[in-house]
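Accompanying notes for the structure given below.
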Amino acid sequence: MFIHHARLDHLLVPAQYFSPEQHRRELERLFLPSWHLLATTAELPRHGDFLTVDLFGRPVLVRNFHGDIRAFLNVCAHRHCLLTHAPRGNDPRFRCQYHGWEYTKEGHTGRIPDAGCFRPFDRDNARLTTLPTESCGQLIFVRLKDEGPSLAEFLGPYHAYCAESFAPPFREAWRWEGCYEANWKVPIENSLESYHVPCLHGKTFGRFPPEEKCEHELTEQYTWFKTRDESFGSRFQSWFARRLGVPSTLIYEQHHVHPHMTFASLDVFRLVQVVYPTSPTTCRQKVWLFTARGHRPGWMRKTLGRLMAPVVTVVTRQILFEDRAIYPDIQRGLEASRSRGVIGTREERVYVFQKYVLDRCGVPPSSVEPSLRQSRF
Ligand code: FES
Ligand SMILES: [Fe+2]
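Residue numbers 53 to 429, in the numbering used here, belong to the letters of the sequence shown in order.
Spelled out as structure tokens, the structure:
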């Protein structure tokens with residue numbers, strides 16, 4: 053059942069989905085203090101594997117040092133060049149691309165070509181900026197600020213959930229990344245309600261579950277939705293789950309950890325998604341899908357696990373692509389809207405999310421007259 057019994061205010065005004073001032077406040081108050089899921093250990097399996105990302109305009113490098121995962125600002129201490137511009141790769145030496153300064157996993161300098169030129173050497177100045185890095189299950193999280201909550205505090209009950217869900221017998225089956233012409237809150241809000249299911253997912257999900265089959269929990273830090281899914285697809289997964297030796301429950305769960313991370317699961321899969329703002333009106337979404345591979349070895353389990361992974365991937369991708377097609381139209385509507393909108397009880401998690409944003413980012417920016425906004429054409 054839903055928690056609320058009457059319609060709810062649309063707390064955020066349309067301008068909060070395109071205002072540069074709102075964007076600046078959100079970066080400062082929601083994103084800089086948060087932990088950010090950047091990769092999985094499956095992406096960096098060997099010593100020297102690295103990947104780079106742009107996080108809110110800050111270049112970040114994540115690297116495997118003999119199994120120890122560390123993150124740094126991707127900026128050399130010598131003359132500020134990016135250590136590497138490659139999106140990912142492997143280099144046994146942790147070395148800057150420009151003059152070849154080498155670094156240790158603590159960010160101290162190692163070998164420096166023609167080092168005598170730098171006498172007397174200033175060790176404190178010549179080091180990389182390290183970033184707090186923690187793993188949970190196979191998920192790798194990074195924080196940009198030195199001070200802030202631990203990952204366990206940030207994730208709350210989801211710390212244990214991640215440790216269990218994104219670890220054997222579940223294994224990464226698919227990862228995907230996409231950029232959208234929409235404010236980051238658009239895909240997040242879309243993922244928080246089942247109201248759009250008949251319109252957008254008519255061919256995949258079909259109908260939304262009746263209220264009596266929906267369970268919601270609403271808190272300041274997170275919200276979740278659970279339902280018992282008795283569809284053919286769910287029963288099909290349940291059949292696989294029993295043979296793979298993982299619990300078969302038919303329970304579909306969707307969780308949102310504020311501000312930008314969501315988890316979804318049914319018996320044989322675990323899905324995590326994160327949405328990063330890249331400007332007031334654009335964002336980037338990253339998705340990792342894990343599927344069950346069975347607890348014990350054995351050709352039967354191995355084969356079933358391998359067979360199931362692509363099936364779950366195809367369905368997940370289809371649903372994801374059905375959703376993403378609508379985002380630019382929502383954004384276009386927000387930028388032209390003259391009304392406040394309204395939230396139904398089925399969408400009450402959207403209301404809680406908007407309240408979270410409003411509580412932390414303060415009063416809405418003054419409304420912008422649509423006709424005065426720059427035309428896109
Ligand atoms: S800028 Fe990196 S070695 Fe010179
Ligand atoms: Fe959807």
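Beta carbons are placed, not taken as given, at the ideal position from N, Cα and C, and that holds for glycine.
- R171 (DSSP reduced to helix, strand or coil): By one-based count along the sequence shown, residue 171 stands at place 119. In the structure shown, R171 adopts coil according to DSSP, grouped into three states.
- Residue burial classification, M53 (beta-carbon count within 10 angstroms, cutoff 16): On the sequence shown, residue 53 is found 1 positions in, with the first residue counted as 1. Taking a 10 Å sphere around the C-beta of M53, we find fewer than 16 other C-beta atoms and assign the residue as exposed.
- Flag E186 as yes if its beta-carbon sits less than 9 Å from any beta-carbon of chain B, otherwise no. Among the chains in the structure shown there is no chain B, since it carries only a single protein chain.
- Query: With R223 and T343 assumed to form a contact (beta carbons below 8 Å), what rounded beta-carbon distance in angstroms separates them?
  - Reply: What you label residue 223 is simply residue 171 of the sequence shown in a count that begins at 1. What you label residue 343 is simply residue 291 of the sequence shown in a count that begins at 1. Your pair R223 and T343 checks out as a contact, with CB atoms roughly 7 Å apart and the cut at 8 Å.
- Query: Is there contact here, the segment 320-340 with the segment 53-68, by at least three beta-carbon pairs under 8 Å?
  - Reply: Under the three-pair Cβ rule at 8 Å, the segment 320-340 does not count as touching the segment 53-68.
- Query: Quick one: what does DSSP say S391 is sitting in, helix, strand or coil?
  - Reply: Taking the first residue of the sequence shown as position 1, residue 391 is located at position 339. S391 carries a coil assignment under DSSP once its states are collapsed to helix, strand and coil.
- Query: Per DSSP, what kind of secondary structure is M53 in: helix, strand or coil?
  - Reply: As a working mapping, residue 53 is identified with position 1 in the sequence shown. The answer is coil: DSSP assigns M53 none of H, G, I, E or B.
- Excluding the five sequence neighbours on either side, which residues of its own chain have a C-beta within less than 7 Å of the C-beta of I371, listed in chain order? On the sequence shown, position 319 is the one that residue 371 refers to. Excluding positions up to five away in sequence, the list reads H253, T256.
- Message: Rounded to whole angstroms, what is the Cα-Cα separation between D411 and P172?
- Response: Taking the sequence shown and counting its residues from 1, the one referred to as residue 411 is at position 359. Taking the sequence shown and counting its residues from 1, the one referred to as residue 172 is at position 120. Whole-angstrom Cα-Cα distance: 51 Å.
- Query: Who are L134's beta bridge partners in DSSP?
  - Reply: Mapped onto the sequence shown, residue 134 falls at position 82. Paired residues: V127.
- Query: Closer than 7 Å from C-beta to any heavy atom of ligand 2: which residues, in chain order?
  - Reply: Applying a distance threshold of 7 Å between residue Cβ atoms and the heavy atoms of ligand 2 selects N242, S243, H248, V249, L252, H253, I371, E374, D375, given in chain order.
- Using the C-alpha atoms, what's the distance from H211 back to A204? Working through the sequence shown from its first residue, we reach residue 204 at position 152. Working through the sequence shown from its first residue, we reach residue 211 at position 159. Near 6 Å, if we compare the C-alpha coordinates of H211 and A204.
- Query: Is the segment 78-98 close to the segment 187-197, with three or more CB pairs under 8 Å?
  - Reply: Yes, the segment 78-98 touches the segment 187-197.
- Query: How do the segment 282-291 and the segment 218-235 stand: do at least 3 beta-carbon pairs fall below 8 Å, yes or no?
  - Reply: Not touching, per the Cβ criterion.
- Kindly provide the chain-ordered list of residues whose Cβ lies closer than 5 Å to any non-hydrogen atom of ligand 1. Any residue whose Cβ sits closer than 5 Å to a heavy atom of ligand 1 makes the list: C128, H130, R131, C133, C148, Y150, H151, W153.
- Task: Consult DSSP for F429 and reduce its assignment to one of helix, strand or coil.
- Result: Residue 429 sits at position 377 when you count from the first residue of the sequence shown. With a pLDDT of only 42 at F429, under the threshold of 50, the placement of this residue in the model should not be trusted; the figure read from the coordinates follows. Annotated three-state conformation of F429 is coil, per DSSP.
- Query: Starting from T104 and walking both ways along the beta strand (DSSP E), at which residues does that stretch end?
  - Reply: For the purposes of this step, residue 104 is taken as the residue at position 52 of the sequence shown. That run of the beta strand (DSSP E) goes 101-107.
- Message: Assuming the contact rule is C-beta atoms closer than 8 Å, T181 and F124 should be a hit. Round their C-beta distance to whole Å, please.
- Response: On the sequence shown, position 129 is the one that residue 181 refers to. On the sequence shown, position 72 is the one that residue 124 refers to. Contact annotation, T181 with F124: C-beta distance approximately 6 Å; criterion of less than 8 Å satisfied.
- From N116 to R98, what distance separates their C-alpha atoms? Taking the sequence shown and counting its residues from 1, one reaches residue 116 at position 64. Taking the sequence shown and counting its residues from 1, one reaches residue 98 at position 46. Approximately 7 Å between the Cα atoms of the pair.
- Message: Using the three-state DSSP reduction, which class does H151 fall into: helix, strand or coil?
- Response: What you label residue 151 is simply residue 99 of the sequence shown in a count that begins at 1. Note: H151 maps to coil in three-state DSSP.
- Message: Taking 7 Å as the limit between beta carbons, can you name the residues of its chain near I55, skipping five residues before and five after?
- Response: Numbered from its first residue, the sequence shown carries residue 55 at position 3. For I55, same chain residues with a beta-carbon under 7 Å away, outside a window of 5 residues either side, are H268, L270, E400 in chain order.
- Message: Using a 10 Å radius around the Cβ and a threshold of 16 neighbouring Cβ atoms, would you call G189 buried or exposed?
- Response: As a working note, residue 189 is residue 137 in the sequence shown. For G189, the number of other beta carbons within 10 angstroms of its own is at least 16, and it is reported as buried.
- Message: Quick check on the burial criterion: 16 or more other C-beta atoms within 10 angstroms. Buried or exposed for S71?
- Response: Here the question's residue 71 lines up with position 19 in the sequence shown. Looking at its Cβ environment, which holds 16 or more other Cβ atoms inside 10 Å, S71 is buried.
- Query: Using a Cβ-Cβ cut-off of 7 Å (strictly less than) and excluding sequence neighbours within five positions of R280, which residues of its own chain qualify?
  - Reply: In the sequence shown, residue 280 corresponds to position 228, counting from 1. Annotation for R280: K265, L302, I303 place their beta carbon closer than 7 Å to its own, counting only its chain and skipping 5 residues before and after.
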